[in-house]
Each structure stands twice: as C-alpha cells, then as structure tokens.
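*Asks:* The opening position of the sequence shown corresponds to residue 1 in the UniProt record's numbering, with each subsequent residue numbered one higher.
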Amino acid sequence: MTFKTSMTAPVDQKQDLFQDIGATVESVAGGATSQVGNDEDQTNTEEPQVVDNIESLCMNCHEQGTTRLLLTRIPFFREVVIMSFDCPHCHFRSNEIQSAGVIQERGCTYTFKVESKLDLDRQLVKSETCTARFVELDLEIPAQRGQLTNIEGLLSLVLEDLVDGQPVRKSLQLDAYEKIEEFIKEGREMLNGNSFPFSIKLDDPAGNSWVEPKPDDARNKWVRQDYVRTPVQNSALGLADTTGEQAKEDDDEDEIRPDEVHTFPASCPSCARACCTHMKLVEIPHFKEVVIMSTVCDDCGYKSNEVKTGGAVPSKGRIITLKVEDEDDLARDILKSETCALQCPELNLDLTPGTLGGRFTTLEGLLTQVYDDLHQRIWGDVHGESSDSLDKQTKDRWEEFFAGLRDAKSGMRKFTCILDDPLAASYVQNLYAPDPDPQLTIVDVERTKEQEDDLGISDMVTEGYGEKETGEQKERRAKS
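Have a look at this one:
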C-alpha cells in the first residue's frame, strides 16, 4: 500500500489554484511530475500529474474506483472543476464538469447559429442545471451532468446513445425504430455539414453555462440574454424559501418605490444585443405617478427615454390648452403621453398621437426636441445643409417654420399649446397650484368612436364575460 506524502510549506491563501486550461496542458506537455511512494518502497514512480486523485465508490459495481479532479479556468468564462471517474474492476468511466463559482444573480440563455464546420468546434460548457436545444432538429437535452465539450461532441454523444438502443427497438418497436433512424440521419447530416445553418440554444437558470464567442462573429450569430429567475427555478436551485413570510418579503422587494432606480435586462431594438433598461417611479404633484424608462446600448450607442402612465382608463378624454406668454411658461413641466396629440396653431405645428412617444420634460425641451428631429429629417444634418431635392418655395416655407420654432423656444414669440389626450394621461404644470391658473384651461371631453376604436376600448368587455358577443362586437373582431 502506498501513501501520498507532502513536505511542502503551507499554501498561501492568496495562491491562485485555478490556471488557464491552456497553461494546464502546457505544464503536462512540459513534464510536470509528482512522486508517489513511501519510505519502505525504494522505487518511486514519476508521472505527469496536475490533478488530485480521490478514491470513490463505483456506482456500477460498488467497488473502489478513482476520481480525478482538475481545477482550471476557461478563458472568457470562469473557474470550473473537471471530474473524471474510472473503475479498474468493471471499467466504468464517466466525465463531468461543475462550476467552481457561485450561482449567478440571473439566469442566462445563449443562442448560437452554426454556419460552418469550424463552428462545430466552438467550445461550450453545459452545467448540471442547463438544458440544451438544437432548434431545427427539435432536440432538447435535459439538465443532467455537467459537460465541457464542443457543439459537435454534444450532438454526437446524443446520437451515439440513440444508436446503441436501436437494435432493441427494431425487434420490439419497429415504428419507433424507423422514426429514430430518420432522426439520427438528420443529426448526422448536421454533423457532416449538409444542413447548415442550424441553431443551438443553452438555457441555464444558474447562469453557469457558456458558448465560446469570437471577435469576428457576425451580428446575431452569438447572442446572450440574462433573465430573472422564476420562483420555481429558484426553488429548484435551492434558493427559494417557500414560507409565507419569505413570500411576503419577496413581494415587498418587488414593489416599485419612488426613491429607487430599477434596472433589468433587455434587448437593443437597434442591434438586438443585450442592454439595460432603467426604470424609476416619479410622482407628479397634483397629477399621478408615472414611470420613466431609459434604455442605453453600450454596443451601438442607441438611447431612448420614455414615460409610461398607469391607472384605470378614464371615462373621458382631456384637452389642455396653455397660453405661452414668456420664458417662465417655457419652463413649465409637461407630460405628453403616447396617446396625446399636440398642436400649436400660431407655429403651424401639429403632432399626431404617437409622435416622439411619451415624454416628461419642460415645454422648452419638448419644442427643442421637435425642432431637432424635424431639422434632421428635412435638411439632412443639424448644421443646416439643405437638401437639393427641395425646390426654393418649399425651402422658404421650411425656413419660415423653423424660424418660428426658434423664436417660440427662446421666449420671443407668444403662442398657444394644445394637448389633446383621449386617455387624459397628459399634464401641464400649474404655476398657481392649488389655485386655478389663468393661462391654463383643462376641459374633459367625450371620446369619439374613432378614438375608442383606435385605443381598443370598444373591444373591452368589463361586464357579462359569460354572455355571447353582440353582432357589432363580432364584426369588429373579424375586421381586426
């Protein structure tokens, strides 16, 4: 019997136990050795070894086998532990990979499009909590033991398992045998490069799986998305407390508070890469609470800001009329919802509902945004270079229009601002609140049938859910 002995000094706690996997391979190739022996045995065996050997029970024959542990780091990913078990009695072998880190704050999904045989060599980590899916093949590999392999190896392993059971199926279940045989044929076509492109998707609630990216990947070839785990996923990972008290605490944590900025993952509408959306609840005095949302993409530079109003749908719409006299009126806070139309008759300005989206700013800021957006579209850039496609008369009209806007947003011109919102979700600051503002007129009006159809209010059923649809409702639903 031999024992492994060590006479080295204690390991420094700051020592990095995880080397890059490439450096580990180089150390083996360079002849890194370890001695195994005892004081009685004069012959020592030297062999390259960078792993820890642990005696383990073989679950196949219940004899003692050996588990080898390798602590390594995968570049651009994180530290992992690679385990290999070998039983000398029944020759059973298995390989597994486990994350050496913690469960991540969010789950993650990786979607990778395989377009060539080189893509089949992409390295991937499939943790024990990850499900892998070959989309076009409609093949889903459930969460099982962790694997460090490549795309070709993952698919090949599944096909080999199916092939091993085919002889039994052929004799007992001929229909199943034929269907699986066709399935195996499609999988081999993918491996041979005859079914490009196809996609593989990894979904890991623990966030510890990975597909190797490369700098020259085309857009949408390699996509990562992070998501918030569901309570069921947290429970499966051992993170959830199912007691009523914990559920109440979770509800309190999910509550949106006015003094907090919430951040959640999103996809950029411009380049489709992962980005962040920030959300804050703001209470507008003498009005209601609104949600301000801001999205910024670090990859393509896309930015957007929106305001969302909540609450029940009011019974009437609202028209707000403001007479702008001086610069103080330009500094008024204004909320223009997505459903609001804006008119300034003296400036020949008429914005239809949906233009600019929801905005919470000042009147000056709103006019500036209108000016910049229109100026960019008409002249081609913000420096005033006119488009050659416009005739002189049209150019003069646009110049007159922009001159009026410049005078208005600088306080040199009086004008009237009218907000027509069928959902009464817009607002203009009252400088005399709580007293009436002599320059501000607010009138509640009945919505037109066209407005209710556009907003989908006509199709809402708030009473008599079990009753049959009227003829008018059926006709409207058929048209939509």
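Even for Gly, the Cβ is constructed at its ideal location relative to N, Cα and C.
Taking the beta carbon of Ser235 as the centre, do at least 16 other beta carbons fall within 10 Å, making it buried, or is it exposed?
*Replies:* If you number the sequence shown from 1, residue 235 lands on position 235. It is exposed - the Cβ of Ser235 has fewer than 16 other Cβ atoms within 10 Å.
*Asks:* Determine the DSSP secondary structure at Ala433, reduced to helix, strand or coil.
*Replies:* Counting from one through the sequence shown, the residue named residue 433 turns up at place 433. If DSSP states are grouped into helix, strand and coil, Ala433 belongs with coil.
*Asks:* Measuring straight from C-alpha to C-alpha, what distance separates Ser195 and Val211?
*Replies:* As a first step, residue 195 must be located in the sequence shown, where it is residue number 195. As a first step, residue 211 must be located in the sequence shown, where it is residue number 211. So the alpha carbons of these two residues sit roughly 20 Å apart.
*Asks:* Suppose you measure from the CA of Ser304 to the CA of Ala408; what does that come to, to the nearest Å?
*Replies:* Counting from one through the sequence shown, the residue named residue 304 turns up at place 304. Counting from one through the sequence shown, the residue named residue 408 turns up at place 408. If I take the Cα positions, the gap works out to 25 Å.
*Asks:* Quick one: Cα of Asp121 to Cα of Asn53, how far?
*Replies:* Your numbering for residue 121 matches position 121 in the sequence shown. Your numbering for residue 53 matches position 53 in the sequence shown. If I take the Cα positions, the gap works out to 29 Å.
*Asks:* In whole angstroms, what is the alpha-carbon distance linking residue 538 and Val261?
*Replies:* Coverage of the chain is limited to positions 1 through 480, which leaves residue 538 absent and any answer about it impossible.
*Asks:* Where do the ends of the beta strand (DSSP E) carrying Lys117 lie?
*Replies:* Locating residue 117 in the sequence shown gives position 117, where the first residue counts as 1. Counting along the chain, Lys117 falls outside any beta strand (DSSP E), and DSSP gives it neither H nor E.
*Asks:* How would you label Asp119, buried or exposed, when you count the other beta carbons within 10 angstroms and need 16 or more for buried?
*Replies:* Residue mapping note: residue 119 aligns to position 119 of the sequence shown, counting from 1. With 16 or more other Cβ atoms within 10 Å, it is buried.
*Asks:* Compare the Cα-Cα distances from Ser315 to each of Ser270, Gln104, Thr263 and Gln451 and report the closest residue.
*Replies:* As a first step, residue 315 must be located in the sequence shown, where it is residue number 315. Closest by alpha carbon: Gln451.
*Asks:* What number of angstroms, rounded off, separates the C-alpha of Asp373 from the C-alpha of Phe401?
*Replies:* Against the sequence shown, residue 373 aligns to sequence position 373. Against the sequence shown, residue 401 aligns to sequence position 401. The alpha-carbon atoms of Asp373 and Phe401 are separated by roughly 14 Å.
*Asks:* Mind checking Asp328: buried by the 16 CB within 10 Å criterion, or exposed?
*Replies:* Within the sequence shown, the letter at position 328 stands for residue 328. Exposed, since its Cβ has fewer than 16 Cβ neighbours within 10 Å.
*Asks:* Enumerate, from N- to C-terminal direction, the unbroken alpha helix (DSSP H) stretches of 4 or more residues contained entirely within the region 149-210.
*Replies:* Correct list: 151-164, 166-172 and 174-191.
*Asks:* Is the beta carbon of Glu152 sitting closer than 8 Å to the one on Leu124?
*Replies:* The residue you call residue 152 lines up with position 152 of the sequence shown. The residue you call residue 124 lines up with position 124 of the sequence shown. No, Cβ-Cβ distance for Glu152 and Leu124 is not below 8 Å.
*Asks:* With C-beta atoms as the reference, is Leu207 less than 8 Å away from Cys108?
*Replies:* Within the sequence shown, numbered from 1, the residue matching residue 207 stands at position 207. Within the sequence shown, numbered from 1, the residue matching residue 108 stands at position 108. A quick correction: the sequence has Gly, not Leu, at residue 207. Against a cut-off of 8 Å, the Cβ pair of Cys108 and Gly207 comes out as a contact.
*Asks:* Measure the CB-CB distance between Ser267 and Tyr302 and report whether it falls below 8 Å.
*Replies:* By one-based count along the sequence shown, residue 267 stands at place 267. By one-based count along the sequence shown, residue 302 stands at place 302. No; because the gap between Cβ atoms is not below 8 Å, this pair is not in contact.
*Asks:* For Asp454, which of helix, strand or coil comes out of DSSP?
*Replies:* Counting from one through the sequence shown, the residue named residue 454 turns up at place 454. Asp454: helix per DSSP, three-state reduction.
*Asks:* If we ignore side chains and look at the alpha-carbon of each, how far apart do Glu79 and Lys201 end up?
*Replies:* Walking along the sequence shown from the start, residue 79 turns up at place 79. Walking along the sequence shown from the start, residue 201 turns up at place 201. Looking at the two C-alpha atoms, the distance is approximately 22 Å.
*Asks:* Only counting the same chain, and skipping five residues up and downstream in sequence, which positions put a Cβ closer than 6 Å to that of Phe183?
*Replies:* In the sequence shown, counting from the first residue as 1, residue 183 sits at position 183. Nothing meets the Cβ criterion.
*Asks:* Tell me which residue opens and which closes the beta strand (DSSP E) that Val232 is part of.
*Replies:* Taking the first residue of the sequence shown as 1, we reach residue 232 at position 232. Where Val232 is concerned, there is no enclosing beta strand (DSSP E), although the alpha helix (DSSP H) it sits in stretches over Pro231 to Ala236.
*Asks:* Return yes when the Cβ of Ile320 is within less than 8 Å of the Cβ of Gln429, no when it is not.
*Replies:* As a position in the sequence shown, residue 429 is number 429, starting the count at 1. As a position in the sequence shown, residue 320 is number 320, starting the count at 1. It is not a contact, given that the beta carbons lie outside the stated cut-off.
*Asks:* May I ask which residues mark the beginning and end of the beta strand (DSSP E) holding Ala132?
*Replies:* Reading the sequence shown from its first residue, position 132 is the one you call residue 132. Ala132 -> beta strand (DSSP E) spans Thr131 to Phe134.
*Asks:* Less than 8 Å between C-beta atoms, sequence neighbours within five positions excluded: which residues of the same chain meet that for Thr362?
*Replies:* Position 362 of the sequence shown, counted from the start, is the residue given in the question as residue 362. Answer for Thr362: Leu330, Ala331, Arg332, Asp333 and Ile334, listed in chain order.
*Asks:* According to DSSP, Val290 sits in a beta bridge with which residue or residues?
*Replies:* As a position in the sequence shown, residue 290 is number 290, starting the count at 1. Answer is Val282 and Thr309, bridged to Val290.
*Asks:* Buried or exposed: which applies to Val324, given that a residue is buried once 16 or more other Cβ atoms fall within 10 Å of its Cβ?
*Replies:* Along the sequence shown, read from residue 1 onward, the residue named residue 324 stands at position 324. Looking at its Cβ environment, which holds 16 or more other Cβ atoms inside 10 Å, Val324 is buried.
*Asks:* Smallest Cα separation from Asp420: which of Ile457, Lys395, Thr355 and Leu405?
*Replies:* By one-based count along the sequence shown, residue 420 stands at place 420. That would be Thr355, whose Cα lies nearest to the Cα of Asp420.
*Asks:* Determine the extent of the alpha helix (DSSP H) in which Glu140 is found, giving its start and end residues.
*Replies:* Translated into positions along the sequence shown, residue 140 becomes position 140. Note, Glu140: premise wrong, no alpha helix (DSSP H); beta strand (DSSP E) at Leu139 to Ile141.
*Asks:* Quick check on the DSSP output: the beta strand (DSSP E) that includes Gly123 runs from which residue to which?
*Replies:* Residue 123 sits at position 123 when you count from the first residue of the sequence shown. Position check: residue 123 holds Gln in this sequence, whereas Gly was assumed. Counting along the chain, the beta strand (DSSP E) containing Gln123 begins and ends at Gln123 to Lys126.
*Asks:* Could you pull the start and end residues of the alpha helix (DSSP H) that Gln393 belongs to?
*Replies:* Here residue 393 corresponds to residue number 393 of the sequence shown, with the count starting at 1. Taken as a continuous stretch (DSSP letters only), the alpha helix (DSSP H) holding Gln393 covers Lys392 to Lys409.
*Asks:* Quick one: what does DSSP say Ser109 is sitting in, helix, strand or coil?
*Replies:* Start at 1 with the first residue of the sequence shown, and residue 109 comes out as number 109. For the record, residue 109 in the displayed sequence is Thr; it is not Ser. Looking at Thr109 - three-state DSSP - the assignment turns out to be strand.
*Asks:* Just to confirm, are Ile97 and Gln147 a CB contact at a threshold of 8 Å?
*Replies:* Locating residue 97 in the sequence shown gives position 97, where the first residue counts as 1. Locating residue 147 in the sequence shown gives position 147, where the first residue counts as 1. Yes.
*Asks:* Are the CB atoms of Ser426 and Lys336 nearer to each other than 8 Å?
*Replies:* Along the sequence shown, one-based indexing puts residue 426 at 426. Along the sequence shown, one-based indexing puts residue 336 at 336. Yes. Within cutoff.
*Asks:* Hey, would you say Tyr177 sits closer than 8 Å to Lys170, going by beta carbons?
*Replies:* As a first step, residue 177 is located in the sequence shown; it is residue number 177 there, counting from the start. As a first step, residue 170 is located in the sequence shown; it is residue number 170 there, counting from the start. In this structure, Lys170 lies closer than 8 Å to Tyr177 by Cβ.
*Asks:* Would you identify the three-state DSSP class for Ile82, choosing helix, strand or coil?
*Replies:* For the purposes of this step, residue 82 is taken as the residue at position 82 of the sequence shown. Here Ile82 sits in strand by DSSP.
*Asks:* Rounded to the nearest angstrom, what separates Glu338 and Ala218 at their Cα positions?
*Replies:* As a first step, residue 338 must be located in the sequence shown, where it is residue number 338. As a first step, residue 218 must be located in the sequence shown, where it is residue number 218. Spanning the two alpha carbons is a distance of roughly 35 Å.
*Asks:* Go through its chain and collect everything with a Cβ distance to Leu366's Cβ below 7 Å, but skip five positions before and after it.
*Replies:* Taking the first residue of the sequence shown as position 1, residue 366 is located at position 366. Taken in chain order, the residues that qualify are Ile334, Lys336 and Arg359.
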